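S.K.: Plus 590 on top of the position in the sequence shown (first one is 1) and you've got the working numbering.
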Amino acid sequence: MCFALSSGATTCVNECGIHLPPVEKERMLNDVDDSELYFKAGETFPYVCTSEYTKGNSSRICLADGRWEHDRPLCARRMCTFEEPCPYLEDASDALHFTKWSNSTPSNNTGCNTDHTTGNGYYYYLEASDTYHGSVFKMVTSNPFPAGEQICVGLWYHMYGQGMGNLSIEISDQSGTLKTQMLVAYGSQGFEWNYWSTVVNALTFDALIVITGVRGAGKRSDICFDDVLIDLC
């Protein structure tokens with residue numbers, strides 16, 4: 591890109607190419623069409639993250655040689671601690687709903703007595719008292735993850751009590767058809783929070799991730815979970 595100087599000469603500076611942020615993670619502060627976004631040397635590209643993401647670098651600077659100063663701006667998905675509504679998880683329409691709770695679960699000799707995050711915050715749990723053996727509870731990602739991408743899944747869970755059921759992570763397509771099921775834990779795991787994580791290899795379909803709890807044989811089979819993180823790896 592070249593400019594005329596007052597002396598009649600011209601000077602040229604490099605420019606950085608169009609900066610396109612990842613879909614659904616970042617949005618441009620500039621109120622212009624993406625195709626118009628070229629930056630001269632010395633200019634700064636500002637950005638913000640959408641609500642479900644936390645921001646890394648706050649901006650990038652176009653250097654004189656036409657390179658960007660920093661790595662591509664990072665918007666990492668927030669962990670769902672349930673202190674506020676989780677922006678990427680919702681109740682499934684084809685199953686019972688987990689209950690959001692704080693402090694100890696109502697039933698004795700089962701469930702957890704605090705959340706995992708702070709000890710006085712919120713978590714979700716399967717209430718076994720008012721249901722029957724085999725009742726299914728589900729929470730699902732609000733939007734599908736694109737085909738061809740690895741998905742990282744992690745959560746903390748608490749499963750204590752006689753006749754405990756199971757907790758699993760299911761992968762389904764957009765129609766809700768179950769494709770894969772991964773067992774997190776089965777039976778009583780002691781009166782403590784435990785961590786589970788996995789990497790889902792690239793799939794050939796757009797995928798929904800489902801947290802699924804199944805009520806066990808006894809009423810003392812409450813299942814708690816907290817601090818969920820589901821994102822592209």
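All C-beta atoms in this analysis are idealised placements derived from N, C-alpha and C, irrespective of residue type, glycine included. In this text the structure is predicted, and so the values were computed from the model without any measurement.
Give me, in chain order, the residues of the same chain whose beta-carbon lies closer than 7 Å to that of residue 739; leave out the 5 immediate sequence neighbours on both sides.
M.R.: The beta carbon of residue 739 is closer than 7 Å to those of 792, 822 in its chain, skipping five residues each way along the sequence.
S.K.: What does a CB cutoff of less than 6 Å around residue 802 pick up in its chain, not counting 5 residues either side in sequence?
M.R.: 728, 758, 760
S.K.: For the region 703-742, list the beta strand (DSSP E) runs that are entirely contained and at least 3 residues long, ordered along the chain.
M.R.: 712-716, 726-731
S.K.: Can you tell me whether residue 816 is helix, strand or coil according to DSSP?
M.R.: Of the three classes helix, strand and coil, the one that applies to residue 816 here is strand, per DSSP.
S.K.: So the beta strand (DSSP E) residue 762 belongs to, where does it begin and stop?
M.R.: 756-762
S.K.: So is residue 713 buried or exposed if we call it buried at 16+ other beta carbons inside 10 Å?
M.R.: buried
S.K.: Helix, strand or coil for residue 823? Go by DSSP, reduced to three states.
M.R.: coil
S.K.: Which one or two residues does DSSP pair with residue 771 in a beta bridge?
M.R.: 760
S.K.: Let me make sure I understand the geometry here. Which of 795, 681, 748, 806 has the alpha-carbon closest to that of residue 815?
M.R.: If we check each option's Cα against that of residue 815, 748 comes out closest.
S.K.: Out of curiosity, what's the CA-to-CA distance linking residue 695 and residue 810?
M.R.: 11 Å
S.K.: Is it buried or exposed for residue 717, if we count other Cβ within 10 angstroms and need 16 for buried?
M.R.: buried
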